[in-house]
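> Chains as they are written, first to last, in my numbering: chain W, 1 to 473; chain A, 1001 to 1473.
Where a beta carbon is used, it is the ideal one built from N, C-alpha and C, also for glycine.
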């Protein structure tokens, strides 16, 4: 059995699962089902004997989140490619393919979104393994999910006849079918010859590169240049921005798949969901028609999703029918379940209004850890700051504020002008206005610090950076 | 025109407006409509040329809230009576009546709940003034609200004939009618002879005391003893608990009104609401069918109430029909509007589960000001503490925690063992474990302080009080 190289795409940032999914921290990194994030579950699903180390393709803004979450799973990536900007799936998949081909031009590659749910990981792996010989024989294999409802929100893959037998084999693709209307969706569900397009692909690297050379030569040229000019940066591979900008923004389906003549469809009969909106989250998590998560109290609720996404927050639903309600401390969504697709438009409206909650979370992830504002007042702000072991903030100063730091967990090494000292649990230190200062965590445990800022202006942009290990100066 | 003594009842704690109204801070003290609390609006409505200083009757738990809110309106109470425990309206009204009668046995008294809404304050005052001669003539006047819908949630006052004329006069009461079913409510709305019982009463003190002596002698005896044994305490008049416990817990309607033969009904034709549940809050605040308050975005919502009750929190509603959604950082209610009455039962269920949000707010009001927990972690807690000008916390110590205090607004006088010093904005001080300490605000502005506690146990009950100006040692 050949080794398969997983390519995990995690650079997107959908808003249909707002307020849990926001531009600054999209759904693939959220623990929507269970303890792990969807990205982590995807990485784990594509690990084990069958698989090589994954190639992860992500956006600049998410590079530290992706690296940190992957680190938590214990899975080491073979490469973390950073897209300078989003150019849709074709460019991302080609970049990863070229990366893998560099070491083995005939390597088998499995491309997978990182925000889908496939509960039966072993069943899915078995299906991938069964499709491998077809991919070895120079076919591009796409995976077709057996539909269980006349869904109008997905594209379909048409076959000549319904798949049959206990152990399905890849079948030639007849045609891609765009998202259908309700009537067409019912007909397709009934005929058994149409499967959902799961956005999963298995192919040999050289086969995909040949297809790109034939069907999307400009795209291939741009991506080759972007990878050729890539810079290694703290374990990331940062694609060249100038070359990358020349890559057309187009999906892999439009750029290559719909033009290629060597496509096969591997049927997958297990459960699958793209968790594309709150209605599908309801569908995947409901029991007896109700889905709850977190501290919730549901009284006489039917067809309803109630989620409390923050410790210390509780949501109570009474007499609700087909409602989704998702609560966070700074933002609450209450929508009719049939209107779940409209969340995206609502978030766009929030953004227009300048509402902070449209795109950002209270918790702000940085390369060294994260911080959140606990209280804002007239001339003061209180923050909780968490610094990873071994990490360091930049050496910096402020023009408009002083800071009091109280370490509440772990030990900090603190620089204030020429003075460097250790500050540990239950100790505090004062950073006068204008002083050059730095906070580091030299220890083996996370360091947690409460920062009290005082001054007339407390914006994040009042910062002068002198040195930064994350190249942000 | 005789002066009228308002009696404001604000000792109750309903839960039908949860999460905004909770046992620790019930709805009369919340700014449900506009900037002022309902209690403040009630006090202001019953002030001016017609009225003497009000007597306020409240519960021990709310005494500082009531005093503080009244202080903000600039209205000085003639007395603040504290009920040692809730004994329903009859005991509370008699206590206030006896208090007023002490100086003027024939004084006119207007009893009013403090959680109702009467938008036309001057119209209401004119109605009270018009009823005064009838009360002077030894009648007990109750106020009847002209119904505008067949409400099944209120009691009714039956008249012999519909009130008529531009300027109504008090009419003899025929009978009290209990909360009707829907059919009966429709018939009463149609006949025009039935008005809503607004729970407002105007009477001469001696007339009420005579009625109590005749119809509820045990009650009168208990209340006389409770007032006789009352203790003055920081401007409050604390009724004697032992005597008070002997007062039957009974409403004024059952104890006296339904037995008295000298009742008149003064019609009030203006808008009135008891804001008894979220459906009635919707009714009072809706425009074109929708009611919103705070940072809200309502898309295609009909008959819906959306309220965000905290700065920094936003609620988004999409495609909702007849839903009430009320969001706070720690608790969110989403209910069908027809089920608004069931909120009370839901809160009772929360209490059973031990959910903190059932009864208490994140913000905890104390005689000296208030505090809230900003963050809780393993072995640490961060609090914001606000101390009123001139106020002081008790002299205290803790067995299990140290505290770091950073003053962010105003100036604190801090005692740590034998050391007393001023700590002002942008200064900090450390309170070691076991040290006797006290925080005071000697200034003219509120003092705001961030407290960072560290230690293995951070419960409010780890406190040894040595001295307390609020008699809590």
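Which of helix, strand or coil does DSSP assign to residue 217(W)?
As a working note, residue 217(W) is residue 217 in the first chain. Correct three-state label for residue 217(W): helix.
> What residue does the alpha helix (DSSP H) around residue 93(W) start on, and which one ends it?
In the first chain, counting from the first residue as 1, residue 93(W) sits at position 93. Unbroken alpha helix (DSSP H) run through residue 93(W): 88–101.
> So is residue 25(W) buried or exposed if we call it buried at 16+ other beta carbons inside 10 Å?
Counting from 1 along the first chain, the entry for residue 25(W) is found at position 25. Classification of residue 25(W): buried, given that the 10 Å Cβ count is 16 or more.
> Report the CB separation of residue 441(W) from residue 388(W) in whole angstroms; it is logged as a contact under 8 Å.
Position 441 of the first chain, counting from 1, holds the residue named residue 441(W). Position 388 of the first chain, counting from 1, holds the residue named residue 388(W). Contact holds; Cβ gap of about 6 Å.
> So what does DSSP say about residue 383(W), is it helix, strand or coil?
As a first step, residue 383(W) is located in the first chain; it is residue number 383 there, counting from the start. In this structure, residue 383(W) counts as strand in the three-state DSSP scheme.
> Give a yes or no on whether 8 Å exceeds the smallest Cβ distance from residue 309(W) to chain B.
In summary, chain B is missing from the structure at hand, where the protein chains are W and A.
> Out of 432(W), 305(W), 384(W) and 29(W), point me to the one whose CA is closest to residue 375(W)'s CA.
Reading the first chain from its first residue, position 375 is the one you call residue 375(W). Residue 384(W) is the option with its Cα nearest to residue 375(W).
> In chain order, what residues of the region 1313–1339 of chain A put their CB closer than 8 Å to some CB of chain W?
1313, 1314, 1315, 1316, 1317, 1318, 1319, 1320, 1321, 1323, 1325, 1327, 1329, 1330, 1331, 1332, 1333, 1334, 1335, 1336, 1338 and 1339
> In chain order, what residues of the same chain lie with their CB nearer than 7 Å to the CB of residue 153(W), ignoring the 5 residues before and after it?
On the first chain, position 153 is the one that residue 153(W) refers to. Correct list, in chain order: 179 and 276.
> Can you name the residues of chain A whose CB is closer than 8 Å to the CB of residue 374(W)?
For this step, residue 374(W) is matched to residue 374 along the first chain. Within 8 Å of the CB of residue 374(W), the CB atoms of chain A belong to 1374, 1375 and 1382, in sequence order along the chain.
> Quick one: what does DSSP say residue 1282(A) is sitting in, helix, strand or coil?
Here the question's residue 1282(A) lines up with position 282 in the second chain. The answer is helix: DSSP assigns residue 1282(A) an H, G or I state.
> With distance defined between alpha-carbon atoms, name the residue in 1187(A), 1134(A), 1104(A) and 1196(A) nearest to residue 1171(A).
Mapped onto the second chain, residue 1171(A) falls at position 171. Looking at the Cα atoms, 1134(A) is the closest of the given residues.
> Just mark residue 1456(A) as buried or exposed, buried being the case when its beta carbon has 16 or more other beta carbons within 10 Å.
Here residue 1456(A) refers to the residue found at position 456 when the second chain is read from its first residue. Answer is exposed; the Cβ neighbour count stays below 16.
> Counting C-beta neighbours from all protein chains within 10 Å, is the total for residue 1487(A) 16 or more, i.e. buried, or is it exposed?
Because chain A here runs from 1001 to 1473, residue 1487(A) falls outside it and cannot be looked at.
> Taking just the CA atoms, how far does residue 1336(A) sit from residue 1203(A)?
In the second chain, residue 1203(A) corresponds to position 203, counting from 1. In the second chain, residue 1336(A) corresponds to position 336, counting from 1. Rounded to whole angstroms, residue 1203(A) to residue 1336(A) spans 41 Å at the Cα level.
> Counting pairs of beta carbons, one from the region 1208–1228 of chain A and one from the region 1051–1068 of chain A, are three or more of them closer than 8 Å?
no
> Buried or exposed for residue 1102(A), going by 16 or more other Cβ atoms inside 10 Å?
Position 102 of the second chain, counted from the start, is the residue given in the question as residue 1102(A). Exposed is the call here.
> If the cut-off is 8 Å on Cβ atoms, which residues from the region 1409–1436 of chain A count as contacting chain W, listed in chain order?
For the region 1409–1436 of chain A, which is checked against every Cβ of chain W, the residues closer than 8 Å are 1409, 1425, 1426, 1428 and 1430.
> Which residue or residues does DSSP assign as beta-bridge partners of residue 1296(A)?
For the purposes of this step, residue 1296(A) is taken as the residue at position 296 of the second chain. 1315(A).
> Mind checking which residues open and close the alpha helix (DSSP H) that includes residue 347(W)?
One-based indexing of the first chain puts residue 347(W) at position 347. Per DSSP, residue 347(W) belongs to the alpha helix (DSSP H) from 343–353.
> Exposed or buried, which one is residue 149(W) when buried takes at least 16 other CB atoms within 10 Å?
Working through the first chain from its first residue, we reach residue 149(W) at position 149. Label assigned to residue 149(W): exposed.
> Return helix, strand or coil for residue 60(W), following the three-state DSSP convention.
Counting from one through the first chain, the residue named residue 60(W) turns up at place 60. Three-state DSSP puts residue 60(W) in a helix.
> Helix, strand or coil for residue 1419(A), going by three-state DSSP, please let me know.
Taking the first residue of the second chain as position 1, residue 1419(A) is located at position 419. Reduced to three states, the DSSP call for residue 1419(A) is strand.
> Got a sec: is the Cβ-Cβ distance from residue 404(W) to anything in chain A below 8 Å?
Here residue 404(W) corresponds to residue number 404 of the first chain, with the count starting at 1. It does; some Cβ of chain A falls within 8 Å.
> Of the residues that make up the region 340–354 of chain W, which ones have a beta carbon closer than 9 Å to any beta carbon in chain A?
340, 342, 343, 345, 346, 347, 349, 350 and 353
> So residue 1378(A) contacts chain W; which residues on that side make the cut at Cβ distance below 8 Å?
Start at 1 with the first residue of the second chain, and residue 1378(A) comes out as number 378. Here the neighbours are 409.
> Which full runs of the alpha helix (DSSP H) of 4+ residues lie inside the region 115–140 of chain W, going along the chain?
121–136
> Can you find a C-beta in chain A that's less than 8 Å from the C-beta of residue 454(W)?
On the first chain, position 454 is the one that residue 454(W) refers to. It does; some Cβ of chain A falls within 8 Å.
> Out of 142(W), 117(W) and 110(W), which has the shortest C-alpha to C-alpha gap to residue 274(W)?
Numbered from its first residue, the first chain carries residue 274(W) at position 274. Considering only alpha carbons, the answer is 117(W).
> Can you list, in chain order, the residues of the region 289–302 of chain W whose Cβ is nearer than 8 Å to any Cβ on chain A?
Correct list: 295, 297, 299 and 300.
> Is residue 448(W) close to chain A? Criterion is C-beta to C-beta, closer than 8 Å.
Numbered from its first residue, the first chain carries residue 448(W) at position 448. Taking 8 Å as the threshold, the shortest C-beta distance from residue 448(W) to chain A falls below it.
> Using DSSP with H/G/I as helix, E/B as strand and the rest coil, what is residue 108(W)?
Translated into the one-based positions of the first chain, residue 108(W) becomes position 108. DSSP places residue 108(W) in strand when its eight states are reduced to three.
> How many angstroms separate the CA atom of residue 264(W) from the CA atom of residue 79(W)?
In the first chain, counting from the first residue as 1, residue 264(W) sits at position 264. In the first chain, counting from the first residue as 1, residue 79(W) sits at position 79. Their backbone Cα atoms lie some 28 Å apart in a straight line.
> Give me the chain W residues within the contact set of residue 1357(A), using Cβ-Cβ distance strictly less than 7 Å, ordered along the chain.
One-based indexing of the second chain puts residue 1357(A) at position 357. Within 7 Å Cβ-Cβ: 314.
> Give the straight-line distance between the Cα atoms of residue 1043(A) and residue 1100(A), rounded to the nearest whole angstrom.
Within the second chain, residue 1043(A) is the residue found at index 43, counting from 1. Within the second chain, residue 1100(A) is the residue found at index 100, counting from 1. Approximately 17 Å between the Cα atoms of the pair.
> Specify the secondary structure class of residue 42(W) as computed by DSSP and reduced to three states.
As a first step, residue 42(W) is located in the first chain; it is residue number 42 there, counting from the start. It is helical.
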